[in-house]
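Heads up, the thing below is written out as structure tokens.
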Amino acid sequence: MSVDARLASPIESHKTMGNTVATLSHINLTLHKPAAALHPFVKDYWFISGTAGTSPKTEYLPADTGCGITFNFGDSILMGETLTNQCCVVNGPNTRSMPLHLGSHVDALGIRFHPGMGYPFFQQPLTDFPEPIEPHSQLTLRLTLNHIYDQLAKAQHPSERTLLLDDWLLHHLTHSLSIQPDLTAALNWLEQQPQDPIANLPHHVDLGQRQLERVFKQWVGISPKQYHRIVRINTVRSSLRNQSHDIRLSDEAINAGYFDQAHMSREFKRVVGLTPGQYLKCLSKNETAPR
Numbered sequence: 001m002s003v004d005a006r007l008a009s010p011i012e013s014h015k016t017m018g019n020t021v022a023t024l025s026h027i028n029l030t031l032h033k034p035a036a037a038l039h040p041f042v043k044d045y046w047f048i049s050g051t052a053g054t055s056p057k058t059e060y061l062p063a064d065t066g067c068g069i070t071f072n073f074g075d076s077i078l079m080g081e082t083l084t085n086q087c088c089v090v091n092g093p094n095t096r097s098m099p100l101h102l103g104s105h106v107d108a109l110g111i112r113f114h115p116g117m118g119y120p121f122f123q124q125p126l127t128d129f130p131e132p133i134e135p136h137s138q139l140t141l142r143l144t145l146n147h148i149y150d151q152l153a154k155a156q157h158p159s160e161r162t163l164l165l166d167d168w169l170l171h172h173l174t175h176s177l178s179i180q181p182d183l184t185a186a187l188n189w190l191e192q193q194p195q196d197p198i199a200n201l202p203h204h205v206d207l208g209q210r211q212l213e214r215v216f217k218q219w220v221g222i223s224p225k226q227y228h229r230i231v232r233i234n235t236v237r238s239s240l241r242n243q244s245h246d247i248r249l250s251d252e253a254i255n256a257g258y259f260d261q262a263h264m265s266r267e268f269k270r271v272v273g274l275t276p277g278q279y280l281k282c283l284s285k286n287e288t289a290p291r
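Residue numbers (full-length UniProt numbering): 1 to 291.
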């Protein structure tokens, strides 16, 4: 789970890490890389801590194609409509920006897997986690979640917790499933060619449309079409954030592969909760975007 203080400046990659960490300095957000052997699976570990104050702000979880595990040691956290007490929570990909309400005492950390790379550890279809939920007893036992939670609770420094997470995941990596090459090829194409029509995807992998749908829902948790939508919108969002004020939304739509500006606006609002114009206003005012 990547924490996003503003819909207008989500954590989408390590390129924006510096700005995002500065934005979330009030809860001491830090991102840490996993051990080298885990790089194909884990994007990063994130840590937040501190006191949010008597009137904490609403943060946001950006639309994201990865899945994650959250360990909470502080006050309850409200993720969307899911109330997280002191426990472990598993969440699949966020198909829309999700409001995050933190308590006064903040102490949480999480693992953010690359798209499709949590399944080898969970060994359970990612469609089972459409919302952040507490893992069922079978998954808790298989991944020894209670044990790692207790170890993390006793450790205080992020470096200690990072080593614990590395050791825990490396242990389970030896029992994980092999990555499917066709899935990797499909994910790479979608990330590199978001402006291309999704109908072109089957031409770049050795899987038919039905097989692609089945593999994506099992490993990634969403369909190729949903994945394509999120990647494309995040590309537009990044472009809007990084350009000057002289932005032509019609040009943005064409460059991103949409039929027209209206099509882009509908998809953008569906994922982000704002139109591109409203999003730009939030950027210009440097304010937290409403959901």
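Where a beta carbon is used, it is the ideal one built from N, C-alpha and C, also for glycine. Predicted, not measured: the structure shown is a model, and the values here were computed from it.
*With DSSP as the reference, label Ile247 as helix, strand or coil.*
coil
_According to DSSP, is His101 part of a helix, a strand, or is it coil?_
strand
*Closest residue to Asp246 among Val231, Ser97, Leu280 and Leu207 (Cα-Cα distance)*: Leu280
*Just the C-alpha distance for Gln138 and Ile230, rounded to the nearest angstrom, thanks.*
31 Å
*Closest by CA to Phe41, which one among Tyr119, Tyr60, Asn85 and Val271?*
Tyr119
*Go ahead and pull the three-state DSSP assignment for His26.*
helix
*Just the C-alpha distance for Leu173 and Leu38, rounded to the nearest angstrom, thanks.*
8 Å
_Between Thr82 and Ile133, how many whole angstroms is the CB-CB distance? I'm expecting something under 8 Å._
7 Å
*Tell me Asn91's beta-bridge partners as DSSP assigns them.*
Gly68
*Output the distance between the C-alpha atoms of Phe73 and Cys87, rounded to the nearest integer angstrom.*
7 Å
*Is the beta carbon of Ser176 less than 8 Å from the beta carbon of Phe121?*
yes
*What is the DSSP secondary structure of Asp150, reduced to helix, strand or coil?*
helix
*Same chain, Cβ closer than 7 Å to Ala155, five either side skipped, listed in chain order*: Arg161 and Leu164
*Looking at the structure shown, is Arg96 part of a helix, part of a strand, or coil, going by DSSP?*
coil
*In whole angstroms, what is the alpha-carbon distance linking His203 and Gln209?*
10 Å
*Decide if the region 232–245 is in contact with the region 107–119; the criterion is three or more beta carbon pairs, one per stretch, under 8 Å apart.*
no
*Would you check if the region 59–68 and the region 94–104 touch, i.e. whether three or more CB-CB distances between them fall below 8 Å?*
yes
*asked:* Quick check for students: name the residue ranges of the alpha helix (DSSP H) that lie wholly in the region 212–275, counting only runs of 4 or more.
replied: 224–242, 249–256 and 261–272
*Cα-Cα, which of Ile179, Gln226, Thr84 and Trp168 is closest to Ala63?*
Gln226
*Cβ of Ala36 within 8 Å of Cβ of Leu170?*
no
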